[in-house]
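Chains V and E, in that order, give the protein sequences. According to numbering that gives the first Met the number 0, the stretch in the first sequence is residues 0 to 199, in order. According to numbering that gives the first Met the number 0, the stretch in the second sequence is residues 0 to 178, in order.
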Amino acid sequence: MSCESFDWKAYALGETAGAEGARHEAHLKECAGCREEMSGLKVTVTALKRLPKMEPPRRIAFVSDPVAEPGWWARLWASGPRLGFASAAMLSVAILGHGVMSRTGAGNDGVEARVAQEVARRLPAAVGQVVNQQVAAELAPVMTELRGRLDGLERGNLAKVRGELDERRKEDMQEIRGAFELMERRMNTRYLSAARFGGN
Amino acid sequence: MVKTIAVLAVASVLAWGETPVPSRDEIGAVERSMYDKLLKFHVEAPPDILGLPRGLYLDGYGAVFTAEISPLMTPGISPFRPSMTKEEIARIRKAKEQRMPEVRVMMRQMLVDAAATLDRVPKNERIVIGFVLFYNKWEDRGAMPRTITMLAEKAALLEVAAGRGGMQALDTAIQVREE
Chain V
0 MSCESFDWKA
10 YALGETAGAE
20 GARHEAHLKE
30 CAGCREEMSG
40 LKVTVTALKR
50 LPKMEPPRRI
60 AFVSDPVAEP
70 GWWARLWASG
80 PRLGFASAAM
90 LSVAILGHGV
100 MSRTGAGNDG
110 VEARVAQEVA
120 RRLPAAVGQV
130 VNQQVAAELA
140 PVMTELRGRL
150 DGLERGNLAK
160 VRGELDERRK
170 EDMQEIRGAF
180 ELMERRMNTR
190 YLSAARFGGN
Chain E
0 MVKTIAVLAV
10 ASVLAWGETP
20 VPSRDEIGAV
30 ERSMYDKLLK
40 FHVEAPPDIL
50 GLPRGLYLDG
60 YGAVFTAEIS
70 PLMTPGISPF
80 RPSMTKEEIA
90 RIRKAKEQRM
100 PEVRVMMRQM
110 LVDAAATLDR
120 VPKNERIVIG
130 FVLFYNKWED
140 RGAMPRTITM
150 LAEKAALLEV
160 AAGRGGMQAL
170 DTAIQVREE
């Protein structure tokens, strides 16, 4: 038995009874699709039943009444040029939108290029400045400490070291002077031996 | 004839009374001989002659000769070699110490040669040879002497020179002073 042979709307509204109703119920047990459709209809019926009951209006306007006549805008809209006007308007909007979008896209490319160029120009200096500031801030206490230590060395050990170095330098100079004197004596001996003994 | 003989006899007596003195040339010959010996002392590593041999004759005492040497030519300090290492100092000291006995033998030979050369020095007078040894300030002198002085009577040296006395006799005759 096909599902099309069942009138589920009538069944949902309670208009089927007797054997017809039993046949609907039997099919619902077997067909999942119809059960789903019936479930949706029951929700609709339930919602309709929950609506408040209102009295029908006492006066019903007819099409021939002036009240029901359409206004000038409705008549204009429903007139012959309506389709052409709508088409022209849509075309204009499309052309305008395309123009705006195209110009906006080109502008974005230019701006992005200029922004990239400006960033490339300014970034190294800005980064360098920031890095220098951070390095200076980090090094300032260390430099202060080192300067203090150096001052201490200057006051304490440096004078002693300088004295030792001066003494060492004097000793070196004496040794070098002695070496030169020795060399001079050797040279003198060579000259004298050449003069006295004929150059042997 | 008799007069002539008499004059010669008087002249002989007068000449016999004068003291013979070695000339400067004789002293210079000994100096030259000493210098040659120093030059030939070691051909491969000659000594450093810093004061040439000089001699004087002291009337009534003898002939005295001196020289200043370093038994070994040592490297000098320079800006390119500001200091000597301990190893170098020890090596130089060892080399000098090994050279010292040869220096003493050379001085003995100089004494004998000087005695044979200086004919006018009386046999009872002395021949003296003194060496001043040079050391750099940075050197480790240790027990090595600064001066070596050797003296001997000329007669004893002539005995050795004539081959009548050996080295033992020479050692007995020579007085050595090292300081």
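Beta carbons are placed, not taken as given, at the ideal position from N, Cα and C, and that holds for glycine.
> For M149(E), does the count of other Cβ atoms within 10 angstroms reach 16, so buried, or fall short, so exposed?
Replying inline: buried
> So, A181(E) versus I126(E), is the Cβ gap smaller than 8 angstroms?
Replying inline: For residue 181(E) there is no data in the structure shown, the boundaries of chain E being 0 and 178.
> Can you name the residues of chain V whose CB is closer than 7 angstroms to the CB of R31(E)?
Replying inline: F196
> Given that a residue counts as buried once 16 or more other Cβ atoms are within 10 Å of its Cβ, and exposed if not, what is P21(E)?
Replying inline: buried
> Using a Cβ-Cβ distance under 8 angstroms, would Y60(E) count as near chain V?
Replying inline: no
> At a CB-CB cut-off below 9 angstroms, which residues of chain V make contact with Y34(E)?
Replying inline: Within chain V, the residues whose beta carbon sits less than 9 angstroms from that of Y34(E) are S192, R195, F196, N199, listed in sequence order.
> By Cβ distance, which residues of its chain are closer than 7 angstroms to D170(E), with the 5 residues on each side in sequence left out?
Replying inline: none
> How big is the Cα-Cα spacing for T84(E) and M143(E)?
Replying inline: 20 angstroms
> Can you round the beta-carbon distance between K153(E) and K122(E) to whole angstroms, since I take them to be within the 8 angstroms contact cut?
Replying inline: 5 angstroms
> Taking just the CA atoms, how far does P19(E) sit from K136(E)?
Replying inline: Taking the straight line joining both Cα atoms gives about 45 angstroms.
> In this structure, what does DSSP give as the bridge partners for R80(E)?
Replying inline: S77(E)
> Comparing the C-beta of T143(V) with each C-beta of chain E, is any distance below 8 angstroms?
Replying inline: Chain E contact via Cβ: absent.
> In the DSSP assignment, what are the bridge partners of A66(E)?
Replying inline: A66(E) pairs with F130(E).
> Can you name the residues that DSSP bridges to A139(V)?
Replying inline: For A139(V), which the question treats as bridged, DSSP gives no partner whatsoever.
>> In the DSSP assignment, the beta strand (DSSP E) including Y56(E) goes from what residue to what residue?
In response: 47-57
>> Rounding to the nearest angstrom, what Cα-Cα distance links E170(V) and V160(V) in this structure?
In response: 15 angstroms
>> Classify E29(V): buried if its beta carbon has 16 or more other beta carbons within 10 angstroms, exposed otherwise.
In response: exposed
> Among R23(E), I128(E), L49(E), which residue has its Cα nearest to the Cα of R184(V)?
Replying inline: Among R23(E), I128(E), L49(E), the Cα nearest to that of R184(V) belongs to L49(E).
> Nearest CA to the CA of G27(E): which residue from M166(E), A113(E), H41(E), G129(E)?
Replying inline: A113(E)
> In chain order, what residues of the same chain lie with their CB nearer than 7 angstroms to the CB of C2(V), ignoring the 5 residues before and after it?
Replying inline: C30, G32, C33
>> I'd like to confirm the pairing. Which residues does DSSP put opposite M149(E) in its beta bridges?
In response: I128(E), V175(E)
> Residues in its own chain within less than 6 angstroms of R80(E) by CB, not counting five upstream and five downstream?
Replying inline: none
>> Output needed in chain order: residues of the stretch 133-158 of chain E with a Cβ under 9 angstroms from some Cβ in chain V.
In response: F133, N135, K136, W137
> Taking all protein chains shown into account, do 16 or more other C-beta atoms lie within 10 angstroms of the C-beta of T146(E), making it buried, or fewer, making it exposed?
Replying inline: exposed
> With distances taken between CB atoms, is the gap from F64(E) to P52(E) smaller than 8 angstroms?
Replying inline: yes
> Is the Cβ of I91(E) closer than 8 angstroms to any Cβ of chain V?
Replying inline: no
>> For the stretch 161-175 of chain V, list every residue whose C-beta sits within 7 angstroms of some C-beta in chain E, in sequence order.
In response: D171, E174, I175
>> Against chain E, does M182(V) count as a neighbour if the rule is that its beta carbon must be under 8 angstroms from one of theirs?
In response: yes
>> Using beta carbons (cut-off 8 angstroms, strictly below), is A178(V) in contact with chain E?
In response: yes
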